[in-house]
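Here is the structure we will look at, set down as structure tokens.
Chains as they are written, first to last, in the working numbering: chain W, 15 to 280; chain C, 8 to 268.
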């Protein structure tokens with residue numbers, strides 16, 4: 015299968031702290047790739063480099079052959095991104111939120127309405143299209159956010175902890191839609207999580223990141239095998255490869271915004 | 008298409024999209040407009056009335072109420088705009104900003120979009136001030152020419168202070184610090200201008216500040232249009248404000264994406 019994403023020796027340093035430490039990996043087209051790791055492992059920093067929001071200190075990352083630093087404009091048209099926090103505007107309706115993205119992605123005037131209707135239908139949000147998004151439930155918000163990134167049919171979708179703060183039913187619903195999307199358009203899905211079950215259920219491959227490095231990469235069964243314990247769960251292999259070393263690097267602002275997002279989503 | 012015309016057309020269309028969405032938000036919840044009306048009403052109704060009794064300030068043959076109305080209008084427009092930049096901190100905290108930065112939208116379009124929508128809010132302030140001036144029987148020159156001029160100056164002034172506030176937001180990065188600094192900047196700018204007293208009665212050092220303060224140019228332009236009818240300085244006022252606003256929009260487009268770091 016052709017490669018969609020190649021990362022080579024990617025490094026990001028903040029002052030004297032190395033958040034991402036010379037990581038290399040690649041993702042094939044059509045994969046559902048999970049990025050696991052404790053808080054502060056460097057997952058979010060890596061994703062922010064891949065989606066052109068942060069410049070790496072050294073190393074390179076390419077999406078469909080386009081370097082994320084040298085060709086951000088091309089990369090941006092190929093990707094979709096769902097941040098961990100709430101990225102829809104509560105003061106606008108669902109329809110307006112979708113229209114905003116459709117226009118920012120230069121979807122031609124004639125196709126806009128059709129694509130928006132298609133997405134509203136796909137997400138079962140047709141009946142709520144004209145309601146202000148601040149009246150939405152957490153699951154509906156997440157679905158709408160995913161819908162927003164689908165308007166321009168991205169080749170690869172990046173999701174930063176897509177189901178953090180959602181109840182189990184909403185979580186399942188969000189994944190049902192993501193998988194349907196993956197099957198329908200062949201969209202590559204790249205998501206970070208610290209939820210093992212989630213990774214185990216859906217993904218083709220997993221990378222476990224710890225203290226800025228990739229501890230291990232492979233299918234979930236490969237990971238379990240390598241722990242040497244035949245009955246290992248993914249949780250066990252996670253502890254095995256990360257050495258359970260949870261680094262306390264999450265700062266006040268991140269905790270605050272994560273809590274705020276959780277409160278609003280829940 | 009050529010890269011340069013393509014970039015310009017992208018900036019213009021995307022600025023329009025961003026501004027339209029901001030205006031839609033305002034229309035979904037117009038209560039903010041009402042709360043914003045309180046401050047200019049207090050300045051005109053209480054400060055203005057009290058000071059005009061004192062007759063302490065030379066006002067070139069016009070009543071003090073006439074003299075300060077353009078100043079209060081400027082103040083309320085710039086106060087709306089200076090706290091507008093805080094919205095990018097709010098949007099950063101929510102993740103909205105990150106999502107927009109990942110789209111192929113020119114950075115400048117987000118600045119211009121916010122500038123235009125702050126201008127629209129500013130125009131609603133102008134309507135409030137004009138209505139209140141009518142109630143207080145303050146005589147203003149409201150002609151097609153002066154209203155067109157007011158619209159231009161309002162859009163430029165609101166744009167300048169929106170750009171300034173986005174730069175501050177990018178530097179301070181948190182809402183709490185922004186609120187503190189916002190206060191520290193707006194009041195001195197207001198007092199170091201010709202909004203509520205003429206520049207020539209200020210101490211010399213303050214005159215220097217007032218002469219480079221964009222707020223003074225905005226007040227001067229509005230005062231010419233609405234009160235004095237002396238348009239000799241008006242082209243200068245508009246040119247200075249236009250240049251300042253354009254300049255700050257470029258600086259802001261360069262700096263504000265740093266708010267996410």
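Glycine included, every Cβ here is placed at the ideal spot set by N, Cα and C.
query: DSSP state of residue 94 of chain W, grouped into three classes?
result: strand
- prompt: Is the CB-CB distance between residue 203 of chain C and residue 214 of chain C below 8 Å?
  reply: no
- prompt: Are there 16 or more other CB atoms within 10 angstroms of the CB of residue 154 of chain W, so buried, or fewer, so exposed?
  reply: buried
task: Anything in chain W within Cβ reach of residue 82 of chain C, meaning under 7 Å, just list it in chain order.
output: Within 7 Å Cβ-Cβ: nothing; residue 82 of chain C doesn't reach chain W, min ~26 Å.
query: Under the three-state reduction of DSSP, which class applies to residue 90 of chain C: helix, strand or coil?
result: coil
- prompt: Cα-Cα, which of C:86, C:11, C:23, C:18 is closest to residue 190 of chain C?
  reply: C:86
- prompt: In or out: residue 78 of chain W buried (at least 16 other Cβ within 10 Å) or exposed?
  reply: buried
3 or more residues per run - each beta strand (DSSP E) lying fully within the segment 16-79 of chain W: 17-28, 31-42, 46-50, 72-77
- request: May I ask you to report which of helix, strand or coil DSSP gives residue 219 of chain W?
  value: strand
query: Within the 8 Å Cβ cut-off, does residue 102 of chain C reach chain W?
result: yes
- prompt: Based on the DSSP secondary-structure assignment, which residues constitute the bridge partners of residue 224 of chain W?
  reply: W:227
- prompt: Between the segment 103-116 of chain C and chain W, which residues of the former have a C-beta closer than 8 Å to a C-beta of the latter?
  reply: 103, 105, 106, 107, 108, 109, 110, 111, 112
field: 9 Å Cβ cut-off: residues of chain C touching residue 103 of chain W
entry: 28, 32, 98, 101, 103
field: Helix, strand or coil at residue 112 of chain C [DSSP, three-state]
entry: coil
field: Residues within the segment 14-25 of chain C neighbouring chain W, beta-carbon criterion of under 7 Å
entry: 21, 24
message: Please report whether the beta-carbon of residue 267 of chain C lies at a distance below 8 Å from any beta-carbon of chain W.
response: yes
query: Mind checking whether residue 240 of chain C and residue 250 of chain C have CB atoms under 8 Å apart?
result: no
- request: Confirm, please, whether the CB-CB distance from residue 28 of chain C to residue 74 of chain W is below 8 Å.
  value: no
message: Can you give me the C-alpha to C-alpha distance between residue 190 of chain W and residue 43 of chain C, rounded to a whole angstrom?
response: 45 Å
task: Would you identify the three-state DSSP class for residue 174 of chain W, choosing helix, strand or coil?
output: strand
- request: Could you check which residue in W:164, W:60, W:188, W:35 has the C-alpha nearest to that of residue 216 of chain W?
  value: W:188
field: Minimum C-alpha distance to residue 183 of chain C - residue among C:93, C:73, C:201
entry: C:93
query: Shorter than 8 Å from the beta carbon of residue 66 of chain W to some beta carbon of chain C?
result: yes
query: Can at least three beta-carbon pairs, one atom from the segment 66-78 of chain C and one from the segment 120-129 of chain C, be found at a separation below 8 Å?
result: no
query: Which residues in chain C sit within 8 Å of residue 119 of chain W, going by Cβ to Cβ distance?
result: 110, 111
query: Nearest to residue 71 of chain W by alpha carbon, out of W:90, W:47, W:35?
result: W:35
- prompt: Should residue 61 of chain C go down as buried or exposed, given a rule of 16 or more other Cβ atoms within 10 Å for buried?
  reply: exposed
field: Three-state secondary structure assigned by DSSP to residue 204 of chain W
entry: strand
query: Start and end of the alpha helix (DSSP H) containing residue 176 of chain C?
result: 151-179
field: Contact list for the segment 75-90 of chain W against chain C, Cβ threshold 7 Å
entry: 87, 90
query: With C-beta atoms as the reference, is residue 159 of chain C less than 8 Å away from residue 245 of chain C?
result: yes
message: At a threshold of 7 Å, does residue 95 of chain W count as lining the ligand NAP (C-beta to nearest heavy atom)?
response: With respect to small molecules bound, the structure shown includes none, and the ligand NAP cannot be examined in it.
- request: Look at the Cβ atom of residue 218 of chain W, then the Cβ atom of residue 233 of chain W, and state whether they are nearer than 8 Å.
  value: yes
query: So which residues on chain C does residue 146 of chain W lean against when the C-beta distance must stay under 7 Å?
result: 35
task: Following the continuous alpha helix (DSSP H) through residue 20 of chain C, name the residue where it begins and the one where it ends.
output: 10-35
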